[in-house]
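Going by my numbering, the residue at position 147 of the sequence shown is 148; the numbering climbs one at a time, nothing skipped.
For every residue, glycine included, the Cβ atom is placed at its ideal position computed from N, Cα and C.
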Amino acid sequence: MAPIRGRGETVCAAAQCASVAAALEAARTPKGPHFISQNGLPAGTAYEAHIFDTGTVPTRDNLHDFFNGLVWLHFPLSKRRLNELQAADIARHGVGQQRGPLRDALTLFDENGAVLDAPPALWEALVARDWHRLFVTERARWQEARLLLFGHALLEKLTAPRKGLTAHVLFAPGACQSIYPVDECIAAALSAAHLATKPFVPLPVLGVPGWWPDNTSPSFYDDADVFRPRRQLA
């Protein structure tokens with residue numbers, strides 16, 4: 002959570018004496034949307050369509066929407082791109098009882114996504130679900146990697162961390178170190194065609210070196226309920 006910590010602490014402090022929407026609005030950036038109370042969402046209006054049409058994000062006073070707002074503040078281009086794709090799909094197909102494959106992929110990344118910039122050896126091990134190679138044999142290579150958490154539901158869950166918490170990772174090799182070029186990189190990768198390829202790979206985030214004290218022991222990764230092997234195709 003380090004990239005969002007500073008602004009997050011400021012917004013959190015402001016929210017102690019105001020609504021989450023007001024605290025986020027006070028911290029908004031020129032590239033970002035405005036934040037309004039959830040009461041500002043008209044009955045019967047789709048949430049994503051409302052954001053697209055008005056440039057305002059209806060926000061409740063809870064941790065989930067707090068982290069959603071922080072992600073909007075830090076990755077405004079990527080969040081706007083997700084919203085554009087969601088709104089376009091809603092305009093074509095309506096809300097419906099089910100989202101459909103594109104909106105499912107968009108929602109998965111929005112809620113639970115992360116972005117990995119890492120040496121190819123790490124990505125290959127992750128795709129293969131070769132956890133020993135990823136976290137033990139190639140452990141030193143994580144010093145060359147960067148994992149950015151994007152999903153606001155994932156951030157919310159990490160306020161009470163547990164071993165099985167898993168991100169759905171988008172590979173972004175060569176992503177820049179500055180937060181805004183990374184935002185541009187993520188936004189560019191979020192095309193409907195790319196998402197149709199199901200590019201996300203699950204990663205138990207507490208396995209990342211330095212993210213959890215217990216993972217210094219190789220036996221941490223022996224838990225097959227968390228570090229599951231890749232399914233074999235029939």
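Residue pairing by DSSP places valine 202 opposite Val170 in a beta bridge.
Exposed is the label assigned to threonine 30, since fewer than 16 other Cβ atoms lie within 10 Å of its Cβ. Within 10 angstroms of the beta-carbon of valine 58 lie 16 or more other beta-carbons, which makes it buried. Boundaries for alanine 115: no alpha helix (DSSP H) harbours it, while the beta strand (DSSP E) harbouring it runs 114–118, taken from the DSSP string.
Here valine 206 is not near phenylalanine 151, since their CB atoms are 8 Å or more apart. In the DSSP assignment, leucine 156 falls within the alpha helix (DSSP H) that extends over 153–158. CA-CA distance, threonine 108 to threonine 60, rounds to 17 Å. Checking the DSSP bridge columns, you'll see proline 59 partnered with Ile37.
Nearest Cα to alanine 122 within the set Pro174, Gly165 and Gly101: Pro174. The alpha-carbon of isoleucine 52 is positioned some 16 Å away from that of phenylalanine 67.
Counting of Cβ neighbours within 10 angstroms places arginine 93 among the exposed residues, the total staying below 16.
Going by beta carbons, leucine 86 and leucine 103 fall inside the 8 Å limit.
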